[in-house]
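S.K.: Mind looking over this structure? Questions follow.
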Amino acid sequence: MSSEYLELATRCGVEQIVKTPTRGENILDLFFTSHPSLVNKCKTIPGVGDHDAVLIDTLAKPQRAKPTKRKIYLWDKANLPSLKADVTLFVSDFVSQPPHNMNTCWTSFRDKVLTLMDKHIPHKLTRSRHTNPWMNTDTRRLARRKDRAFKKANATKSTRDVRSNLLQSDGAHTPLEDNGTSRKTLHFNTSPTWIPHKTLM
Numbered sequence: 001m002s003s004e005y006l007e008l009a010t011r012c013g014v015e016q017i018v019k020t021p022t023r024g025e026n027i028l029d030l031f032f033t034s035h036p037s038l039v040n041k042c043k044t045i046p047g048v049g050d051h052d053a054v055l056i057d058t059l060a061k062p063q064r065a066k067p068t069k070r071k072i073y074l075w076d077k078a079n080l081p082s083l084k085a086d087v088t089l090f091v092s093d094f095v096s097q098p099p100h101n102m103n104t105c106w107t108s109f110r111d112k113v114l115t116l117m118d119k120h121i122p123h124k125l126t127r128s129r130h131t132n133p134w135m136n137t138d139t140r141r142l143a144r145r146k147d148r149a150f151k152k153a154n155a156t157k158s159t160r161d162v163r164s165n166l167l168q169s170d171g172a173h174t175p176l177e178d179n180g181t182s183r184k185t186l187h188f189n190t191s192p193t194w195i196p197h198k199t200l201m
């Protein structure tokens, strides 16, 4: 079985890098690469279980795909009476039309529904850049308010504006300090299945 496994790696053009045992005298944890020259260091370190962890130092720089913007409909602000009226009118016209093939009917129905949703339901777009999960809408709003207060105090030099800047700074720092998902907590989170959740923000 092990020889077939290694032959499969050879046929795929990859090389196994780990040379030291990871559990007892056996090499059970493997690392395959098609570019072994990019591997600077490969060693084993004590793991959390009965296997040693494999530590790889490579010259590769991972590329993170930029998130695509998604449209989110705000149904709590939708004009439902107007939407229902337009849908009812469209359905009556749609049914009265001569029959077409299935693809034509589906395309017409889909396009009309999406058009009516854009017309009667407000929407917003998600961010297209990576953000820190401990920064939510409230903390961003407080940070912008603090920046405005700082710029005003720096420009006017008045005691009132300086005091306002200090109050805004304290008000912006407190939510971040009280946030359960702090930068330190995220950095030392060892769970591989950790996912930023709305309830943690």
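Using the UniProt record's numbering, the first residue of the sequence shown is number 1, and each one after it goes up by one. Ideal Cβ placement from N, Cα and C applies to all residues, glycine included.
(1) Which same chain residues, not among the five before or five after R23, have their C-beta less than 8 Å away from its C-beta?
(2) In three-state DSSP terms, what is R23?
(3) Using a threshold of 8 Å, state whether the C-beta atoms of N83 and H123 are closer than that.
(4) Once the 5 residues before and after Q16 are set aside, which same chain residues still bring their CB inside 8 Å of it?
(5) What are the boundary residues of the beta strand (DSSP E) that includes V54?
(6) For N79, collect the residues of the same chain with a Cβ closer than 7 Å to its Cβ; drop the 5 residues on either side in sequence, then sort them by chain order.
(7) Answer with buried or exposed for K77, where buried requires no fewer than 16 other C-beta atoms within 10 angstroms of its C-beta.
(8) So, using beta-carbon positions, are P125 and R70 closer together than 8 Å?
(9) For the beta strand (DSSP E) holding L125, just list the boundary residues, first then last.
(10) To the nearest angstrom, how far is it from the Cα of R127 to the Cα of I72?
(11) Express the C-alpha separation of M135 and K146 in angstroms, rounding to a whole number.
(12) Pull up the distance between the alpha-carbon of T159 and that of A143, whole angstroms please.
(13) DSSP puts Y73 in a beta bridge; with which residues?
(14) Exposed or buried, what is A155 when buried is set at 16 or more other beta-carbons lying within 10 Å of its beta-carbon?
(15) Our contact map puts G13 next to S34 with C-beta atoms below 8 Å; I'd like the distance itself, whole angstroms only.
(16) Using a Cβ distance threshold of 8 Å, determine whether the stretch 41-49 contacts the stretch 96-106, with at least three qualifying pairs required.
M.R.: The relevant details are as follows:
(1) Indexing the sequence shown from 1 puts residue 23 at position 23. Excluding sequence neighbours, R23 sits near D29, D50, H51 and D52.
(2) Locating residue 23 in the sequence shown gives position 23, where the first residue counts as 1. If DSSP states are grouped into helix, strand and coil, R23 belongs with the strands.
(3) Walking along the sequence shown from the start, residue 83 turns up at place 83. Walking along the sequence shown from the start, residue 123 turns up at place 123. Sequence inspection shows Leu at residue 83; the Asn mentioned does not correspond to that position. The Cβ-Cβ distance between L83 and H123 does not fall below 8 Å.
(4) The residue given as residue 16 occupies position 16 in the sequence shown. Around Q16: L6, A9, L30, F31 and F32.
(5) Counting from one through the sequence shown, the residue named residue 54 turns up at place 54. Run containing V54: A53 to T58, per the beta strand (DSSP E) assignment.
(6) Taking the sequence shown and counting its residues from 1, one reaches residue 79 at position 79. Once the five neighbours on either side are set aside, the close Cβ partners of N79 are H120.
(7) In the sequence shown, counting from the first residue as 1, residue 77 sits at position 77. That one is exposed.
(8) Taking the first residue of the sequence shown as position 1, residue 125 is located at position 125. Taking the first residue of the sequence shown as position 1, residue 70 is located at position 70. The residue you asked about is not Pro; residue 125 is Leu in the sequence shown. In contact: L125 and R70 (Cβ atoms closer than 8 Å).
(9) Start at 1 with the first residue of the sequence shown, and residue 125 comes out as number 125. H123 to L125 is the extent of the beta strand (DSSP E) around L125.
(10) Here residue 127 corresponds to residue number 127 of the sequence shown, with the count starting at 1. Here residue 72 corresponds to residue number 72 of the sequence shown, with the count starting at 1. Put simply, the backbone Cα of R127 is about 11 Å away from that of I72.
(11) Against the sequence shown, residue 146 aligns to sequence position 146. Against the sequence shown, residue 135 aligns to sequence position 135. Using only the alpha carbons, I get a separation of about 15 Å.
(12) By 1-based counting over the sequence shown, the position of residue 159 is 159. By 1-based counting over the sequence shown, the position of residue 143 is 143. Spanning the two alpha carbons is a distance of roughly 21 Å.
(13) The count along the sequence shown starts at 1 and reaches residue 73 at position 73. Residue pairing by DSSP places Y73 opposite H123 in a beta bridge.
(14) Taking the sequence shown and counting its residues from 1, the one referred to as residue 155 is at position 155. When all chains shown are included, A155 counts as exposed.
(15) Reading the sequence shown from its first residue, position 13 is the one you call residue 13. Reading the sequence shown from its first residue, position 34 is the one you call residue 34. About 6 Å separates the beta carbon of G13 from that of S34, a gap short enough to meet the 8 Å contact definition.
(16) Using a Cβ-Cβ distance cut-off of 8 Å, the stretch 41-49 and the stretch 96-106 are not in contact, since fewer than three pairs of beta carbons, one from each stretch, lie closer than that value.
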